[in-house]
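Residue numbers (the working numbering): 6 to 444. Every residue, glycine too, gets a C-beta built ideally from N, C-alpha and C. Have a look at the structure below before the remarks.
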Amino acid sequence: MLKVVKFGGSSLADATQFAKVKDIVLADPLRKVVVVSAAGKRYPGDHKMTDLLYLIHAHLQYGFSQDDIVRIIVERLTLIRDQLRVDYAIEEDLSRIFGSLSKDISIDELVSRGEYLNAKLMAAYLGYAFVDASSVIFFGYDGQLDTAKTYQALQDAYTVHQKMVIPGFYGSLPNHKIKIMSRGGSDITGSLAAAALDAQLYENWTDVSGILMADPKIVKDPKAIQRMTYAELRELSFLGASVLHEESVMPIKLKHIPLQILNTNEPDHPGTLIDEKFELEEDQDDRFVTGIAGRTGFYVLTIYKEQILADTSIVRKTLEIFDNYHVQIEHITLGLDSFLLTVSSAQIRDRLYDVVGKIQSECKPDTLDIEENIAMIACVGRRMRYRPGISGKLFSALGNHGINIRIITQGTNEISIIVGVESKDYIDTVKVIYDSFMG
């Protein structure tokens with residue numbers, strides 16, 4: 006029995022945060038595997054360790070001095086070590102990493118050192134074994150994760166050490182070179198470790214007490230989501246909610262391992278528990294809407310052609326055109342004589358006229374309408390499928406506030422209703438939906 010726990014950069018920004026992490030880890034003997042990010046910001050205007058390392062690499066490429074940046078990093082890490090009185094000769098690692106920098110250094114090698122050094126500090130502080138991610142996270146030359154090799158290596162390391170700290174964000178290629186993941190890669194590392202070791206729980210410690218029901222920049226003091234499913238998480242993250250990326254939860258989702266998002270600064274707060282095993286009758290929360298997410302910046306293309314459903318080649322050709330131009334379609338709605346496509350403005354803006362011209366020449370629609378400045382908002386909840394009247398309540402609330410709905414889509418799994426409105430109505434739409442279902 007074990008838990009894998011991952012701590013983000015804000016949880017490891019300074020010695021005070023390190024001490025909080027130690028208290029959390031040692032408070033539960035099942036917290037045997039710890040994954041860490043690089044040090045985050047200590048205060049507004051501060052720099053993340055990863056950003057400083059990227060800056061060093063840029064300075065090297067353009068022949069600028071990086072001495073001041075290196076000094077900031079060295080002073081910050083040695084201060085943490087000294088304040089915690091950790092028995093770790095960090096100067097040796099710092100000298101090896103920064104002592105002979107050249108423009109030829111791999112950006113992956115350099116940028117990954119933030120996690121590497123933080124993990125060595127944390128391992129020494131906890132009295133856990135340090136396990137370098139390059140020895141347990143493996144990629145092929147194509148950049149794809151070698152899951153079987155990775156899982157076996159993680160299992161072997163756990164068998165040997167039982168208690169260990171692993172740096173997140175990177176692994177190694179077959180030639181032993183370092184490969185970093187995308188931003189947020191430490192979440193993936195933690196998820197892989199939990200899946201490989203069949204953990205009973207994966208804890209992700211951040212600086213927020215779980216996932217909020219709505220964007221706090223729009224809704225004042227939104228409530229936290231107590232429990233949700235991976236399907237709900239996917240729906241919310243698809244429209245931009247600040248939650249974990251799907252790639253970072255896929256390993257544990259496939260193994261049916263629950264995920265708990267917790268706050269290092271409020272360790273007694275229950276946070277948000279994500280699991281697929283929730284049964285409707287066991288839900289303590291009587292809300293039918295779990296959360297709201299959305300974003301602006303969409304184009305909507307409506308293609309009219311009489312009896313379009315009788316000639317599916319038009320739909321097929323249109324989708325092929327979008328694919329050929331590498332434009333991802335966010336939503337599709339089919340009608341008897343028309344179908345509607347929603348795409349991100351960033352995806353299609355530079356190719357809009359090329360795409361439209363191709364559709365007109367190859368599909369020959371009766372008409373083709375284009376709307377821009379559309380916002381898409383998702384109302385998500387696993388319990389909505391069992392409750393009649395949710396859609397009516399949603400539409401009535403928006404209508405009563407003078408908000409015109411341009412698009413309506415319901416997911417086939419019946420856990421989400423997505424509405425499209427003019428971007429100028431985006432903030433009001435989110436507020437109205439929140440107040441209607443959670444106020």
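By Cβ distance below 7 angstroms, which residues in the same chain neighbour residue i in space, the five residues on each side in sequence not counted?
i: Q71; result: I61, H64, L65 and L106
i: V91; result: L126, A129 and Y130
i: V213; result: N268
i: L285; result: Confidence is the limiting factor: at L285 the pLDDT is only 46, short of 50, which leaves the residue's position unreliable and the question unanswerable from this model.
i: K436; result: I223 and V224
i: I496; result: Residue 496 is absent from the model: the chain starts at 6 and stops at 444.
i: K108; result: L65 and Q66
What first and last residue would you give for the alpha helix (DSSP H) that runs through residue i?
i: V320; result: S318 to N329
i: I422; result: Taken as a continuous stretch (DSSP letters only), I422 belongs to no alpha helix (DSSP H), being part of the beta strand (DSSP E) at S421 to E427.
i: T301; result: Premise fails: T301 lies in the beta strand (DSSP E), G296 to Y309, not in any alpha helix (DSSP H).
i: S15; result: Where S15 is concerned, there is no enclosing alpha helix (DSSP H), given that its DSSP letter is neither H nor E.
i: Q66; result: M54 to Y67
i: Y358; result: L357 to C368
i: E96; result: I95 to F103
i: Q88; result: D72 to L89
i: N268; result: Per DSSP, N268 belongs to no alpha helix (DSSP H); it is in the beta strand (DSSP E), L264 to N268.
i: A402; result: I395 to N405
i: S111; result: That residue, S111, is in no alpha helix (DSSP H); it is neither H nor E in DSSP.
i: L259; result: E251 to L259
i: V437; result: Y431 to M443
Per DSSP, which residues does residue i bridge with? Please list them.
i: M233; result: I279
i: M186; result: Answer is none; M186 lacks a bridge partner.
i: M169; result: V38 and A134
i: H336; result: T347
i: F143; result: S177
i: V116; result: For V116, which the question treats as bridged, DSSP gives no partner whatsoever.
i: L106; result: DSSP lists no partner for L106.
i: V224; result: Looking at the DSSP assignment, V224 forms no beta bridge with any residue, so it has no partner.
i: V9; result: V38 and Y207
i: L150; result: F144
Does residue i pass the burial test, meaning 16 or more other C-beta atoms within 10 Å, or should it be called exposed?
i: Q265; result: buried
i: S196; result: buried
i: L259; result: exposed
i: A351; result: exposed
i: K11; result: buried
i: K369; result: exposed
i: Q22; result: buried
i: T317; result: exposed
i: T434; result: buried
i: T211; result: buried
i: V165; result: exposed
i: G4; result: This structure does not reach residue 4, given that the chain is present from 6 up to 444, and the question cannot be answered.
i: F344; result: buried
i: N123; result: buried
i: L339; result: exposed
Alpha carbon to alpha carbon, how far is residue j from residue i? Give it in angstroms, no decimals.
i: D19; j: L357; result: 48 angstroms
i: E240; j: I432; result: 19 angstroms
i: A138; j: S15; result: 21 angstroms
i: L399; j: I438; result: 7 angstroms
i: I110; j: H331; result: 33 angstroms
i: V30; j: H52; result: 26 angstroms
i: K322; j: L341; result: 17 angstroms
i: D359; j: S366; result: 11 angstroms
i: D56; j: G13; result: 15 angstroms
i: G276; j: L403; result: 30 angstroms
i: I102; j: Y207; result: 32 angstroms
i: G425; j: A298; result: 12 angstroms
i: S349; j: Y304; result: 6 angstroms
i: S191; j: I142; result: 11 angstroms
i: R86; j: H250; result: 32 angstroms
i: A383; j: I412; result: 11 angstroms
i: A199; j: I353; result: 38 angstroms
i: F243; j: R118; result: 31 angstroms
i: L7; j: N180; result: 32 angstroms
i: A44; j: L17; result: 5 angstroms
i: D220; j: K310; result: 39 angstroms
i: E281; j: D98; result: 43 angstroms
i: L84; j: L115; result: 21 angstroms
i: T152; j: L159; result: 10 angstroms
Residue i lies in the beta strand (DSSP E); which residues open and close that run?
i: Q374; result: It is Asp, not Gln, that sits at residue 374 in the sequence shown. First-last of the beta strand (DSSP E) with D374: T372 to V385.
i: V414; result: Residue 414 is actually Thr in this sequence, not Val. Taken as a continuous stretch (DSSP letters only), the beta strand (DSSP E) holding T414 covers I412 to Q415.
i: V209; result: The residue you asked about is not Val; residue 209 is Asn in the sequence shown. Run containing N209: L206 to T211, per the beta strand (DSSP E) assignment.
Ignore the nearest five residues each way along the sequence and tell me which others in residue i's own chain have a CB closer than 6 angstroms to its CB.
i: H336; result: T347 and T414
i: M233; result: I279 and T295
i: Y163; result: L202
i: T194; result: V40 and G173
Who are the Cβ neighbours of residue i in its own chain at under 8 angstroms, not counting the five residues just before and after it?
i: K461; result: This structure gives no information on residue 461, because the portion of the chain shown stretches from 6 to 444.
i: M169; result: K37, V38, V39, A128, Y133, A134, F135, V136, A162 and Y163
Would you verify that the beta carbon of residue i is, or is not, closer than 9 angstroms to some beta carbon of chain D?
i: Q312; result: Here chain D cannot be found, since the structure has a single protein chain.
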